[in-house]
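**Student:** Under full-length UniProt numbering, the first residue of the sequence shown is numbered 1, with each subsequent residue one higher. C-beta: ideal position from N, C-alpha, C; glycine also.
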Amino acid sequence: MLPPFRPGTHLVFFALLLTLPSQALAVIDRDALDTAVVDAGELSRTHTLLVAVEGETVIDRGWRGHATDETANIKSLSKTLISALVGLAIERDIIEGVDQPVVELLGDRVPSDIDPQVNDITVGHLLSMQSGLQRTSGSNYAGWVASPNWVEDALTRPMVGEPGERMRYSTGNSHLLSAALTEASGRSTLALMRDWLGEPLGITIPAWTRDPQGIYFGGNEMGLTPQALLRIAELYRQQGKHDGEQLLTAEWIERSWAPRTRSVFNQDLYGYGWFRTELDDTTVHYGWGYGGQLLFVVPERNMTIVMTSDPTPPSNGSAYLEQVKAVVERMIAATVP
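1) Considering just the uninterrupted stretch of the beta strand (DSSP E) at E278, what are its terminal residues?
2) With a threshold of 16 other CB atoms inside 10 Å of the CB of A180, please say whether the residue is buried or exposed.
3) If you check the beta carbons only, do N173 and P212 fall under 8 Å apart?
4) What span of residues does the beta strand (DSSP E) with residue 355 cover, start to end?
5) In the DSSP output, which residue or residues are listed as bridge partners for V306?
6) Taking 7 Å as the limit between beta carbons, can you name the residues of its chain near G97, skipping five residues before and five after?
7) When the distance is taken between beta carbons, is M159 closer than 8 Å to G132?
8) Hey, could you find the ends of the alpha helix (DSSP H) R255 is sitting in?
9) Pull up the CB-CB distance for S128 and Y286, whole angstroms please, since I reckon it's below 8 Å.
10) Note down the Cα distance separating G87 from A67, rounded to an integer number of angstroms.
11) Under three-state DSSP, which class holds D120?
12) Below 8 Å, can you find three or more Cβ-Cβ pairs linking the segment 286-303 to the segment 50-66?
13) Just mark D243 as buried or exposed, buried being the case when its beta carbon has 16 or more other beta carbons within 10 Å.
14) Going by beta carbon distance, what residues of the same chain come within less than 7 Å of D280, once the five residues before and after it are set aside?
15) Rounded to whole angstroms, what is the Cα-Cα separation between S256 and G62?
16) Please state whether the Cβ-Cβ distance between W208 and E199 is less than 8 Å.
17) Contact check, L295 vs L43 under 8 Å by CB: the rounded distance?
18) For residue 388, count neighbouring C-beta atoms within 10 Å of its own C-beta (all shown protein chains included) and say buried if the count is 16 or more, exposed if not.
19) What separation, rounded to the nearest whole angstrom, lies between the Cα atoms of I59 and G138?
20) Would you mind sorting P206 into buried or exposed? The rule is 16 or more other CB atoms within 10 Å of its CB.
21) May I ask you to report which of helix, strand or coil DSSP gives E165?
Written out as structure tokens, the structure reads:
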């Protein structure tokens, strides 16, 4: 039985019926959580913040004129959604699996003058940023998006490593996956996203940027509301289930979260579109977009967190991410399962 509420107490108790026969109990130090939320809002770029515990939204805040029901540019957090789409395509036999060479899926979109090693690049290599191709991000980004054919440009860049070697973060990898999904399914990435994620989750997915050939940008420039992102975070927290329906396999979620390499930018582990770190001695899985577009899933605390931030330069990169993670760690510490 829950203890009676007493005015002034800093502990708030939530008992929510889960799919298990028993009830799960979360204890939240509300004073500590609220203090961390205030500090999150004082970070230089913060626009919105959502925190849910056991599926119950306990924080819904906006700053600088922004709200959680307004569409935000989620930047490279889009890569986390592309990863989900690949998993759904594998489940539907549109893609054979993560070991399938991407050239098999791209068909006529593959130029004739590629390096022979490109034939060894698999779907999994692209998901984990281990293609071996020269990056299209960073200083190469502007030239890549100015090219007349993004797929061809990405595939004909020099091989600077072996497929499966260390992580080289590149949005071109994610865009190749968007092109592969389009070619293999005969449908646009937008149509797949709306059909497989948007409609089942009850979220709106607006059209976003396309390349010169009409392929939706894989891994950047998607627009979603923070509330929609929270539903995606909850889908992963609940091992692919939404309203009792299995939308995404638990196996794919575990494979996506499994560490395969490490980021040279923030030293965190990386799987299929997901980073992994430890905060408050707890494993945290997160997606990260330029400027501070972030989605955190903390399974041990039955907790999900979404933050959106100013998407315009300068972003302060990993330094700003560390500031956010420090505040998020305090939010996690304020919640005890």
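**Tutor:** Taking the geometry as given:
1) Looking up residue 278 in the sequence shown gives position 278. Residue range 275-279 is occupied by the beta strand (DSSP E) that includes E278.
2) Sequence index remark: in the sequence shown, residue 180 carries index 180 (1-based). Label assigned to A180: buried.
3) The sequence position of residue 173 within the sequence shown is 173, counting from 1. The sequence position of residue 212 within the sequence shown is 212, counting from 1. Going by C-beta atoms, N173 is not nearer than 8 Å to P212.
4) Nothing about residue 355 can be read from this structure; the chain reaches only from 1 to 337.
5) Here residue 306 refers to the residue found at position 306 when the sequence shown is read from its first residue. Its beta-bridge partners are L50, L295.
6) To locate residue 97, count along the sequence shown from 1; it is residue 97. If we look at G97 and ignore the five residues flanking it on each side, its Cβ neighbours are I90.
7) Here residue 132 refers to the residue found at position 132 of the sequence shown. Here residue 159 refers to the residue found at position 159 of the sequence shown. Taking 8 Å as the Cβ cut-off, G132 and M159 qualify as a contacting pair.
8) The sequence position of residue 255 within the sequence shown is 255, counting from 1. R255 -> alpha helix (DSSP H) spans 250-257.
9) Reading the sequence shown from its first residue, position 128 is the one you call residue 128. Reading the sequence shown from its first residue, position 286 is the one you call residue 286. Actually they are not in contact, since the Cβ atoms of S128 and Y286 sit about 15 Å apart, beyond 8 Å.
10) Taking the sequence shown and counting its residues from 1, the one referred to as residue 87 is at position 87. Taking the sequence shown and counting its residues from 1, the one referred to as residue 67 is at position 67. Straight across, the Cα-Cα distance linking G87 with A67 is about 31 Å.
11) Working through the sequence shown from its first residue, we reach residue 120 at position 120. D120 falls in the helix class under three-state DSSP.
12) Segment contact: the segment 286-303 against the segment 50-66, three or more CB-CB distances shorter than 8 Å; contact assigned.
13) Walking along the sequence shown from the start, residue 243 turns up at place 243. Under this definition D243 is an exposed residue.
14) The sequence position of residue 280 within the sequence shown is 280, counting from 1. If we look at D280 and ignore the five residues flanking it on each side, its Cβ neighbours are E329, I332, A333.
15) Along the sequence shown, one-based indexing puts residue 256 at 256. Along the sequence shown, one-based indexing puts residue 62 at 62. Cα to Cα, S256 sits roughly 30 Å from G62.
16) Taking the first residue of the sequence shown as 1, we reach residue 208 at position 208. Taking the first residue of the sequence shown as 1, we reach residue 199 at position 199. No. Outside cutoff.
17) Translated into the one-based positions of the sequence shown, residue 295 becomes position 295. Translated into the one-based positions of the sequence shown, residue 43 becomes position 43. L43 and L295 do not touch by the CB rule: their CB atoms are close to 17 Å apart, not below 8 Å.
18) No information on residue 388 is available, as it lies outside the stretch 1 to 337 that the chain covers here.
19) Within the sequence shown, residue 59 is the residue found at index 59, counting from 1. Within the sequence shown, residue 138 is the residue found at index 138, counting from 1. Each residue's Cα considered, the two are about 34 Å apart.
20) Your numbering for residue 206 matches position 206 in the sequence shown. It is exposed - the Cβ of P206 has fewer than 16 other Cβ atoms within 10 Å.
21) Residue 165 sits at position 165 when you count from the first residue of the sequence shown. Coil.
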